[in-house]
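**Student:**
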Amino acid sequence: MTADSTTVPEHSAGMSDDVSAVSAGTAFWGDIPEKPTDGELVQLRNLLFRREIVLLERLRELQDDQRYTARKISEVLAEAIQLRAGKDPLVGLALEPVVDDVVRTLLRKRRGDFVDSLFPLMGPSIRKSIAETFRSMLGSFSKSMEMAFSWKGLRWRFEAMRSGRPFSEIVMLNTLVYRVEQIFFTHGETGIPLAHVASDEVYAQDAEMVSSMFTAIQDFVRSCFAGGGEGDLESLQLGEYTIIIEKKSQAYLACVVRGTPPVAFREQLHATLDFLLLEYADALAEFSGDTAPFAGAAPYLGDCLSSRYVDDDKKLPWWSKALPVLLILVLACGLGYCSYRENLHAQLRQALMEKQKAFTATMESALNVLRAEPGLLVTNVVSGHDAPWEATVLKDALADTPEAVLQVHGIDPKLFSFKSVPYISYDPEIVARRAKTDITLPDTVTMDFDGKGTLSFKGTASMGWIVKTRDEARSLPGVERVDISGLRDPMMDRISALIKEVEATVVEFVLGKDTPVPQDAPKLQKAVDSLVELEKIVQDMGFTVTLTVYGHADATGTEKRNYEISQARTRTVAAMLYARGSAMPIAMYGMGAVYPKDGQPAAPAQNSGQGDQASRRVELRVHVMRSAAADPESLLLSQP
Amino acid sequence: MISKKICMLGSFSVGKTALVARYVHSIFSDKYLSTVGVKISKKNVSSGGKDFSLILWDLEGKDLYADVNLSYLRGAMGFFTVADGTRKETLEAALELRKAAHDTVGQIPGYLLINKEDLSDAWEVTDAMLDNLTRQGIKYFRTSAKTGLAVEEAFTSLARDMLQNA
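Structural data, given as structure tokens:
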């Protein structure tokens, strides 16, 4: 192209220099004498060739007219390109840099247009590419599945095991029709590889040494068997390997092929070598060991790295293609089911845990109810995931049963299985309950337990009841003190009144006699009546009344007489009592004149003969005691 | 990558293979194995800031009955003719081969290696002969594949010459 383009301007320049001359210095006009030397000759020429000269002049003008030339070329340009393109790839190669530049410029200037144009193409391209990738992936997956599960696959695996070779190699040996493993594009004379490609699966040795060796072998074979003459080594065979050599004068292609390549492969090699020789004609001619100019040859060689495996798709049952998809589906379903189950399990576990938690909470609250219940003591609980729990409960006889307690609180008593152990509770409520149970209160009495050990009574009751109840209350477990200060016996009031009345009675006596003075006789009578009543009252209450009578005399008379008379006066009172039917024990003390009325014994000199009437008297003292048969302890109701 | 083809020429048993082994692998073996055809080795070298590889074609030795296959020389960019210092006829053969090589591939760099310098006591090649070589303008090295004497130097020198020639 470069050579051609430089020739054209030179050509036209030569023409323009000789515009005036008929014969221009070109090859076409070359035979015509350049300049006439003789005027006659010119004349003669004009005479003879006038017409032709004008014609030629016109032709020359046309030739010089670039527009004309362009028009003419344009008429045949398309056919010319078509013709040349059919012959060799040089048109394409010549146009390549131009088209390259044009595309680059367009891309730079009209990027938007390109994007718009490419946009509708990109989607389908990407889809197709993805689909293709998936298809090949599924294909290789099917292949692997078949290898893994088929009888053939197992057989090959066994073979691999037996021979110690890798399984992949066995598979390849059994399925490979051919595989072009390496291609060397080698300089014919030096044996130096100009370009070299190897398939990904193979280990490529040093290309320079292998290539040189191929060259040497060819030289060797040619010199040995062809006498150094014509003819080339076309192929070498070693076991399953074939080395195919496609040779031209300057360079050759050597292909290492495993298996048997198709016939068309050699044609492909032939065409590739032709193309390479044309493409790198200059570089080959100037070659001196530098392989850099041939770097672009590798992709062309790469096109020849083909391979074919036994296509046994047809032998596969229809379902084998669906198998991977099916397997993936099954796997996905399995995974989905597992995850669903797992999820369900988790939910169930959660629900179960919550249920268990709620259950435990119920049980605990039930236990708390029992613990709060007076008279019940939960000592041991054997808990579990399910009801009933076993609970050991100490129970006071007066406490409600644990079952009843739970029922009252709305809890199912069947949640527990109770083991009841009796015990006595000192819980205030139970103590109060115990007091109520054990002590029968009359309507007139109220009882109260303060929770601190004191049981107190209020109201009116008979003394007998009071004393009995006091004793009973003291023996109640949980009761430390009994307060009966609020209790009153109405009969006691009467007894006290009677005792007071009796003890206030002083009966004076007639001088020297054991008869009371007349004005005091009713007093004595009244006192005796009171004593009789008192005796009756206390007898009903289980008590005994004892009377002590102190008899006194005045200072008149002798001491002995005074003792006798004071004694006699006490007997008067006793006789009166007994006369009234009283059985009360009476202690009678004749005091003589030792205790005069005012405390000072009268001097005998002052004795007026009438004596001191106030000192001649009896005084009564009453003791009420618990009956000896009932209780030896005496109950003092009044001070002596 | 620049590759240069170098041929080793010479009579049998002068030590061509040993010289290549010494140069490429830095090893020497007393064991003699006659080369049949050609043996190819490669050495990557660097000279004048350029990396290139020397492809060494170790040709089979010439003997009385078999001539060297000169077609191996095609495309060579340099060569060594090797002689055995203890056998003077090998020097003559080397000189013959040198001429043949130049006739075949033209005026490419080519050195003469007179090997087995380690056996210099037994040398038949005399100083007079060597002087004669110098007079003829033939560049030679006295080498020893066994000790490695001048081996590296000879190859490096040839490589340099080839690069200049290119």
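Protein chains in written order, with my numbering: chain A, 1 to 640; chain B, 641 to 806. Cβ atoms here follow ideal geometry from the backbone N, Cα and C, with glycine treated the same way. Being a predicted model, the structure only gives us computed values, none of them experimental.
Can you find the residues in the same chain that come closer than 6 Å, C-beta to C-beta, to B/Val664, ignoring five residues on each side of it along the sequence?
**Tutor:** These residues qualify, in order along the chain: Ser681 and Lys683.
**Student:** Would a check of beta-carbon distances place A/Phe225 closer than 7 Å to chain B?
**Tutor:** No, its Cβ sits nowhere closer than 7 Å to a Cβ of chain B.
**Student:** Return the Cβ separation of B/Gly750 and B/Thr730 in integer angstroms, given the expectation that the two are a contact with Cβ distance under 8 Å.
**Tutor:** Contact flag wrong, Cβ pair sits at about 16 Å.
**Student:** Check the Cβ of B/Arg714 against every Cβ in chain A and list those closer than 9 Å, keeping chain order.
**Tutor:** What B/Arg714 touches in chain A: Gly188, Glu189, Thr190, Gly191, Thr215 and Asp219.
**Student:** Mapping the DSSP letters down to three states, classify A/Asn562 as helix, strand or coil.
**Tutor:** In this structure, A/Asn562 counts as helix in the three-state DSSP scheme.
**Student:** What residues of chain A sit near B/Ile695, judged by a beta carbon separation below 8 Å?
**Tutor:** Under the 8 Å cutoff, chain A gives Thr190, Gly191, Ile192, Glu208, Met209 and Ser212.
**Student:** Please list the segments of the alpha helix (DSSP H) lying wholly inside the region 652-725 of chain B, counting only runs of 4 or more residues, in order along the chain.
**Tutor:** Complete alpha helix (DSSP H) runs here, min 4: 656-665.
**Student:** Using a Cβ cut-off of 8 Å, pull out every chain A residue sitting near B/Val660, in sequence order please.
**Tutor:** Going along chain A, no residue has its Cβ under 8 Å from B/Val660, so there is no contact; the nearest lies around 12 Å.
**Student:** Could you tell me whether the region 485-499 of chain A touches the region 511-520 of chain A, using the rule of 3 or more Cβ pairs below 8 Å?
**Tutor:** Touching, no.
**Student:** With a 10 Å radius around its C-beta and 16 neighbouring C-beta atoms as the bar for buried, classify A/Pro166 as buried or exposed.
**Tutor:** So A/Pro166 counts as exposed.
**Student:** Is there contact between the region 656-673 of chain B and the region 760-776 of chain B, where contact requires at least three CB pairs shorter than 8 Å?
**Tutor:** Too few Cβ pairs lie closer than 8 Å, so no.
**Student:** With a threshold of 7 Å on Cβ separation, who are the neighbours of A/Arg616 within its own chain once the five nearest residues in sequence on each side are excluded?
**Tutor:** The residues are Glu508, Phe509, Leu511, His552, Ala553 and Asp554.
**Student:** Go ahead and pull the three-state DSSP assignment for B/Tyr780.
**Tutor:** Strand, per DSSP.
**Student:** Distance cutoff 7 Å, beta carbons only. Does B/Gly718 sit that close to anything in chain A?
**Tutor:** By this cut-off, B/Gly718 is not an interface position.
**Student:** In the DSSP output, what is A/Phe418 paired with across the bridge?
**Tutor:** Its beta-bridge partners are A/Ala391.
**Student:** Assuming B/Thr744 contacts B/Leu713 (C-beta within less than 8 Å), just tell me the rounded distance between them.
**Tutor:** Yes, B/Thr744 and B/Leu713 are in contact; Cβ-Cβ is about 5 Å, under 8 Å.
**Student:** Taking C-beta pairs closer than 9 Å, name the residues in chain A that B/Ile754 reaches, listed in chain order.
**Tutor:** What B/Ile754 touches in chain A: nothing, since even the nearest Cβ is about 26 Å away.
**Student:** When burial is assigned at 16 or more other CB atoms within 10 Å of the CB, is A/Ala575 buried or exposed?
**Tutor:** A/Ala575 is exposed by the Cβ-count criterion.
**Student:** Out of A/Val325, A/Val256, A/Leu44 and A/Asp113, which has the shortest C-alpha to C-alpha gap to A/Phe141?
**Tutor:** Among A/Val325, A/Val256, A/Leu44 and A/Asp113, the Cα nearest to that of A/Phe141 belongs to A/Val325.
**Student:** Where does A/Gly486 sit, in a helix, a strand or coil, going by DSSP?
**Tutor:** Here A/Gly486 sits in strand by DSSP.
**Student:** Taking 7 Å as the cut-off, decide whether the C-beta atoms of A/Phe418 and A/Trp389 are in contact.
**Tutor:** Result no, Cβ atoms of A/Phe418 and A/Trp389 do not sit closer than 7 Å.
**Student:** Closest to B/Lys786 by C-alpha separation, out of B/Leu798, B/Lys656, B/Gly688 and B/Leu649, would be which residue?
**Tutor:** Among B/Leu798, B/Lys656, B/Gly688 and B/Leu649, the Cα nearest to that of B/Lys786 belongs to B/Lys656.
**Student:** Starting from the beta carbon of B/Gly677, find every residue of chain A whose beta carbon is closer than 7 Å, and list them in chain order.
**Tutor:** What B/Gly677 touches in chain A: Ala216 and Phe220.
**Student:** Along the chain, which unbroken stretches of the alpha helix (DSSP H) at least 4 residues long are found entirely within the region 257-282 of chain A?
**Tutor:** Counting whole runs of 4 or more residues, the region 257-282 of chain A contains the alpha helix (DSSP H) stretches 263-279.
**Student:** For B/Asn709, which residues in chain A fall below 9 Å Cβ to Cβ?
**Tutor:** The contacting residues are Asp219, Phe220, Ser223, Cys224 and Gly228.
**Student:** Tell me, to the nearest whole angstrom, how far the beta carbon of B/Ser687 is from that of A/Thr291; I am working on the premise that it is less than 8 Å.
**Tutor:** With a Cβ gap of about 17 Å, B/Ser687 and A/Thr291 do not count as contacting.
**Student:** Using a beta-carbon distance below 7 Å, is A/Asp290 in contact with chain B?
**Tutor:** Taking Cβ atoms only, chain B reaches closer than 7 Å to A/Asp290, which makes this a yes.
**Student:** What separation, rounded to the nearest whole angstrom, lies between the Cα atoms of A/Val115 and A/Met122?
**Tutor:** Going from the Cα of A/Val115 to the Cα of A/Met122 covers about 10 Å.
**Student:** Out of A/Leu194, A/Gly164, A/Arg127 and A/Val257, point me to the one whose CA is closest to A/Leu176's CA.
**Tutor:** When only C-alpha atoms are compared, the closest one is A/Val257.
**Student:** I need the boundaries of the beta strand (DSSP E) containing A/Gly410, first residue and last residue.
**Tutor:** No beta strand (DSSP E) holds A/Gly410; DSSP gives it neither H nor E.
**Student:** Could you check which residue in A/Leu59, A/Leu531 and A/Ile466 has the C-alpha nearest to that of A/Ala504?
**Tutor:** Answer by Cα proximity: A/Leu531.
**Student:** Report the residue ranges of all alpha helix (DSSP H) runs contained in full by the region 205-259 of chain A; include only those spanning at least 4 residues, in chain order.
**Tutor:** The region 205-259 of chain A contains these whole alpha helix (DSSP H) runs: 207-225.
**Student:** In chain order, what residues of the same chain lie with their CB nearer than 6 Å to the CB of A/His196, ignoring the 5 residues before and after it?
**Tutor:** Answer for A/His196: Phe184 and Ala207, listed in chain order.
**Student:** Listing by chain order, which chain A residues have their CB less than 7 Å from the CB of B/Ser643?
**Tutor:** The contacting residues are Ile192, Glu208, Gly289 and Thr291.
**Student:** Are the C-beta atoms of B/Ile680 and some chain A residue less than 7 Å apart?
**Tutor:** Output row for B/Ile680: interface = yes.
**Student:** What residues are listed by DSSP as bridge partners for A/Thr544?
**Tutor:** Answer is A/Met625.
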